[in-house]
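Going by this note's numbering, the sequence shown runs without a break in its numbering and finishes at 217.
Heads up, the beta-carbon is just placed ideally off N, CA and C, and yes, glycines get one too.
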Amino acid sequence: MPIADSCRGSVALSRSDISDTLPGVAIAISLVPPLAVVGLTLESGAPHQSLAAFLLFGTNVAAILASGIVVMAFHRVHKVFGQGAAAGSRYGGAIAIIAALLLVVIVPLRINSDRIDKTSVRETEVQAVAERWADDAGWSVTGVTATGDHVLIEATGPNPAPGLTLLRHDLNAAGLNGLDVRVSLVPATYQPVPDVDAS
Numbered sequence: 019m020p021i022a023d024s025c026r027g028s029v030a031l032s033r034s035d036i037s038d039t040l041p042g043v044a045i046a047i048s049l050v051p052p053l054a055v056v057g058l059t060l061e062s063g064a065p066h067q068s069l070a071a072f073l074l075f076g077t078n079v080a081a082i083l084a085s086g087i088v089v090m091a092f093h094r095v096h097k098v099f100g101q102g103a104a105a106g107s108r109y110g111g112a113i114a115i116i117a118a119l120l121l122v123v124i125v126p127l128r129i130n131s132d133r134i135d136k137t138s139v140r141e142t143e144v145q146a147v148a149e150r151w152a153d154d155a156g157w158s159v160t161g162v163t164a165t166g167d168h169v170l171i172e173a174t175g176p177n178p179a180p181g182l183t184l185l186r187h188d189l190n191a192a193g194l195n196g197l198d199v200r201v202s203l204v205p206a207t208y209q210p211v212p213d214v215d216a217s
């Protein structure tokens, strides 16, 4: 989205037949919402979430600048508006700064992407083991959520509840040794529906 907005904005700046307000609107759509989230999360006492929103803001800024440079270079804007060695030096300096900004953003994005991938894989593996364990006891897994360093399992079914020792054994057999798994067992109770006199 930011790259597409920046490309549209850059094209608008390089063409006289497109309104100058388009770049501002396009960029504002990409930058204002993440910054608003940063402010709201900081105010509500969630600095970790504000960092994630600020990372999105930084990613959008880097994408806008980088794609804008590419579009401007394609339209040869720097040659039209800046002649001489000084202009070329400024242009090269701008590219170097944007490249550095991209590298700064890519590192945390890569780390965050790896963390999300690992969390998703771990969640899927635990869910597969938990569903087999619950099915053997006539229970059903209603949810599996990976949060931080542990995984939460929610299951429901009739008494007696399945044994957690067996679940731990199954998890170890699946290569999930040492994983902090916490289970919420909710016994399901069934009440007979009373007969009601139709009259």
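Item	Value
To the nearest angstrom, how far is the alpha carbon of alanine 1 from that of leucine 120?	Only positions 19 to 217 of the chain appear in the structure, and residue 1 is not among them; the question remains open.
Tell me, please, which residues DSSP counts as bridged to proline 205.	Gly175
Here's a check: name, in chain order, each residue in its chain whose Cβ is nearer than 6 angstroms to the Cβ of alanine 161, leaving out the five neighbours to either side.	For the sequence presented, residue 161 should be read as glycine rather than alanine. Closer than 6 angstroms at the Cβ level, and outside the excluded window around glycine 161, lie Glu172.
Taking C-beta to C-beta, are isoleucine 45 and isoleucine 82 nearer than 8 angstroms?	yes
Tell me whether the beta-carbon of leucine 60 lies closer than 8 angstroms to the beta-carbon of serine 68.	yes
Classify glycine 193 as helix, strand or coil using the three-state DSSP reduction.	coil
Ordered along the chain, which non-local residues of its own chain (more than five positions away) have a Cβ less than 8 angstroms from that of leucine 194?	Arg140, Glu143, Val144, Val147
Thinking isoleucine 129 and alanine 80 are a contact (beta carbons under 8 angstroms), I'd like their distance in whole angstroms, please.	Not quite, the Cβ-Cβ distance comes to about 16 angstroms (not below 8 angstroms), so this is no contact.
Hey, would you say leucine 197 sits closer than 8 angstroms to leucine 189, going by beta carbons?	yes
Take the Cβ of serine 85 as the centre, count every other Cβ of all protein chains shown within 10 Å, and call the residue buried at 16 or more, exposed below.	buried
Could you have a look at alanine 164 and say whether DSSP puts it in helix, strand or coil?	strand
Taking proline 52 as the reference, give the member of Gly42, Thr77, Gly63 with the closest Cα.	Thr77
With respect to the alpha helix (DSSP H) encompassing serine 11, which residues constitute its N-terminal and C-terminal limits?	Summary: the structure shown does not reach residue 11, with the chain confined to residues 19 through 217, and so no result is reported for it.
So, at 7 angstroms on beta carbons, what are the nonlocal neighbours of alanine 71 in its own chain, with the 5 sequence-adjacent residues on each side left out?	Pro52, Val55, Val56, Thr59
For alanine 112 and proline 126, what's the separation of their Cα atoms in angstroms?	22 angstroms
Proline 176 and proline 205 look like a contact to me (Cβ under 8 angstroms); what is the Cβ gap, rounded to whole Å?	7 angstroms
Relative to the alpha-carbon of threonine 163, which residue among Phe75, Leu74, Ser138 has its alpha-carbon at the smallest distance?	Ser138
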